[in-house]
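Below is one structure, written out as structure tokens; comments come after it.
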Amino acid sequence: MKKIIIALVLSSVSAVTFANSRAYDLANEAQSKIQSEREAKESWESRMSEIVHRAALMTDVKINCSSSGQEKIQNLISDFNGELKAEYESIFSCEGAIEKALDGGISESEIRKELGL
Numbered sequence: 001m002k003k004i005i006i007a008l009v010l011s012s013v014s015a016v017t018f019a020n021s022r023a024y025d026l027a028n029e030a031q032s033k034i035q036s037e038r039e040a041k042e043s044w045e046s047r048m049s050e051i052v053h054r055a056a057l058m059t060d061v062k063i064n065c066s067s068s069g070q071e072k073i074q075n076l077i078s079d080f081n082g083e084l085k086a087e088y089e090s091i092f093s094c095e096g097a098i099e100k101a102l103d104g105g106i107s108e109s110e111i112r113k114e115l116g117l
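Put into structure tokens, the structure is as follows:
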């Protein structure tokens with residue numbers, strides 16, 4: 001009888017140990033999955049941010065280097081004088097937009113293609 005009780009106790013301890021081990025494994029798997037999904041989301045957000053930034057730079061190039069864009073810019077800054085006018089002209093110049101695009105990692109060939117050159 002004593003041996004049966006000992007066997008039952010050992011069996012119960014073994015079952016609890018196995019259950020705890022399995023629960024720990026499942027918790028680790030869930031944590032790994034959550035971390036993986038978080039990293040995938042961050043990677044996606046980073047790529048989207050880069051795409052939006054590149055699109056904004058290329059839009060600036062296209063607008064600032066077009067004759068209609070330059071005309072609109074001149075109309076906007078025509079009321080300014082002196083240094084302020086010169087500063088705005090440099091900010092909104094075609095050259096300034098191209099320089100920002102190049103600094104932002106856009107290649108010269110991409111800029112030429114966008115401008116149809």
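1 is the number of the first residue of the sequence shown in the numbering used here; add one for each residue after it.
A virtual CB, placed ideally from N, CA and C, is assigned to each residue, including glycine.
- Counted as a single uninterrupted DSSP element, the alpha helix (DSSP H) harbouring L76 occupies residues 67-77.
- By the criterion of at least three beta-carbon pairs nearer than 8 Å, the stretch 81-94 is not in contact with the stretch 35-43.
- A distance below 8 Å separates the beta carbons of A97 and D60.
- S66 is the residue among K85, Q31, S66, S93 whose C-alpha sits nearest the C-alpha of E114.
- The alpha-carbon separation between I106 and E50 amounts to approximately 11 Å.
- By the neighbour-count criterion, in which a residue is buried when 16 or more other Cβ atoms sit within 10 angstroms of its Cβ, M58 is buried.
- Only exposed fits I34, as fewer than 16 other CB atoms lie within 10 angstroms of its CB.
- In the three-state reduction of the DSSP assignment, S90 falls in the helix class, which pools H, G and I.
- For the pair G69 and S93, the Cα-to-Cα distance works out to about 10 Å.
- Burial is judged here by how many other beta carbons sit within 10 angstroms of a residue's own beta carbon; N64 has at least 16 and is buried.
- Residue state for N28 is assigned as helix, using DSSP reduced to three classes.
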